[in-house]
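The structure appears right after this line, and notes come after that.
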Amino acid sequence: MSRGQGTALITGASAGIGAVYADRLARRGHNLVLVARNEAKLNALAARLTVETGVTIEVLRADLTDEADTSRVEARLQADDITMLVNNAGVAVAGPTIEMDPERLEAMIRLNVVVATRLARAVAPGLAQRGKGDIINIASVVALRGDQPAISVGYGASKAYVLALSEGLDSELAPYSVRVQAVLPGATRTDLWEKGGLDINALPQEIVMETGDMVDAALAGLDQGERVTIPALPDNADWSAFKVARAVLHPNLSHRQPARRYRRNSEGPSVP
Ligand SMILES: NC(=O)c1ccc[n+]([C@@H]2O[C@H](COP(=O)([O-])OP(=O)(O)OC[C@H]3O[C@@H](n4cnc5c(N)ncnc54)[C@H](OP(=O)(O)O)[C@@H]3O)[C@@H](O)[C@H]2O)c1
């Protein structure tokens, strides 16, 4: 039974971060739609949380790299009871780009980028029409690492996209009272690492967060009205300073003339 919170659809709910979101949102009184490929795990989680919390839980088995399955999830997101999307399903393919299997690279981009965008696109009109709701996009701190990539360049670029998608959509949907939050976890103890061929135990353990702590921090950030939550960041003023530094560029990003240093015969440095 929902306590007036409506229904949250969580992708990648069979394990890791998504399974903890399911637990926490059920305890907050959300009905749930749990999406992933492993139906047995989803059923076991749904059975446990139904007994423990009394909310209504549906299992929607879907492979989000499959077009027909993705369409079924989009259709479910368009129903009137939906108040939240947790866009969490993702994979990390590790290694140097020049050695990466192009099909695995494309599958990662499809899931982390294309599907996340399509699901946000599917849920947004209904939330806007009803004038409330939340889209939570699980990005990563690798979105901020630029020329010092971690895990892989493609993974970092996919998460930079999720951050940009979130910030832009939040501006677009703010007039409709729909919130879009990007969550940027650092290293979090889930099976994602092993699946990507990486050993989380090889990392300095002081940089690894437990999954429950990460999700609790992300939900605390949402409750505080944050649109970008970096669970490990001690001082949020550092994120604000980053945004201010980025905004300094805005007035000069588009001009009729190229910058002086790119002009021939300019007073700037000579161009060969
Ligand atoms: N762990 C970290 O250190 C970390 C840090 C920053 C960001 N993140 C992000 O957090 C999100 C969750 O990752 P996690 O760490 O919780 O990883 P995880 O334990 O491996 O869980 C990934 C979830 O995504 C689902 N999934 C994978 N491929 C899918 C597909 N094709 N269709 C449907 N569902 C699929 C998996 O379920 P099935 O296998 O049952 O389909 C699983 O439920 C990801 O977006 C990841 O990039 C993780």
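Residue 250 in the UniProt record's numbering sits at position 250 of the sequence shown, and the numbers go up by one each step.
Glycine included, every Cβ here is placed at the ideal spot set by N, Cα and C.
Which of the three DSSP states is assigned to residue i in this structure?
{"i": "E58", "result": "strand"}
{"i": "V141", "result": "helix"}
{"i": "T83", "result": "strand"}
{"i": "R72", "result": "helix"}
{"i": "residue 330", "result": "Residue 330 falls outside the range modelled here, since the chain spans only 1 to 272, and no answer is possible."}
{"i": "L198", "result": "coil"}
{"i": "R179", "result": "strand"}
{"i": "N31", "result": "strand"}
{"i": "G131", "result": "coil"}
{"i": "A92", "result": "coil"}
{"i": "V228", "result": "strand"}
{"i": "T117", "result": "helix"}
{"i": "A241", "result": "helix"}
Give a single yes or no on whether residue i has its beta carbon closer than 6 Å to a heavy atom of ligand 1.
{"i": "P185", "result": "yes"}
{"i": "T70", "result": "no"}
{"i": "G168", "result": "no"}
{"i": "N88", "result": "yes"}
{"i": "T229", "result": "no"}
{"i": "T117", "result": "no"}
{"i": "S14", "result": "yes"}
{"i": "R37", "result": "yes"}
{"i": "I138", "result": "yes"}
{"i": "L192", "result": "yes"}
{"i": "D199", "result": "no"}
{"i": "residue 273", "result": "For residue 273 there is no data in the structure shown, the boundaries of the chain being 1 and 272."}
{"i": "L9", "result": "no"}
Let me confirm a value: residue i is counted as buried when at least 16 other C-beta atoms fall within 10 Å, else exposed. Which label applies?
{"i": "N112", "result": "buried"}
{"i": "V215", "result": "buried"}
{"i": "R76", "result": "buried"}
{"i": "N88", "result": "buried"}
{"i": "G221", "result": "buried"}
{"i": "N10", "result": "Asn is not the amino acid found at residue 10; the sequence shown has Ile there. Under this definition I10 is a buried residue."}
{"i": "G16", "result": "buried"}
{"i": "L119", "result": "buried"}
Take residue i and list the residues in its own chain whose beta-carbon comes closer than 6 Å to its own, dropping the five residues that flank it on each side.
{"i": "E58", "result": "V33"}
{"i": "S177", "result": "G131, K132"}
Check whether the Cβ of residue i sits closer than 6 Å to any heavy atom of ligand 2, and report yes or no.
{"i": "I17", "result": "This structure lacks ligand 2; the ligands present are ligand 1."}
Enumerate in chain order the residues of its own chain whose CB-to-CB distance from residue i is below 7 Å, with the five nearest sequence positions on each side excluded.
{"i": "R145", "result": "G156"}
{"i": "A19", "result": "A13, L45"}
Could you check whether the Cβ of residue i sits closer than 7 Å to any Cβ belonging to chain B?
{"i": "A26", "result": "Considering every chain present, this structure includes no chain B. It has just one protein chain."}
Within the same chain, show all residues whose beta-carbon is closer than 8 Å to that of residue i, passing over the 5 residues directly before and after it, in chain order.
{"i": "A26", "result": "L32, L49, E52, T53, V55, I57"}
Does the pairing of the stretch 177-185 with the stretch 195-207 give three or more beta-carbon distances under 8 Å?
-> no
Are the stretch 105-120 and the stretch 158-165 touching by the rule of at least three beta carbon pairs closer than 8 Å?
-> yes
Taking one C-beta from the stretch 65-73 and one from the stretch 43-51 each time, how about it: are there three or more such pairs within less than 8 Å?
-> no
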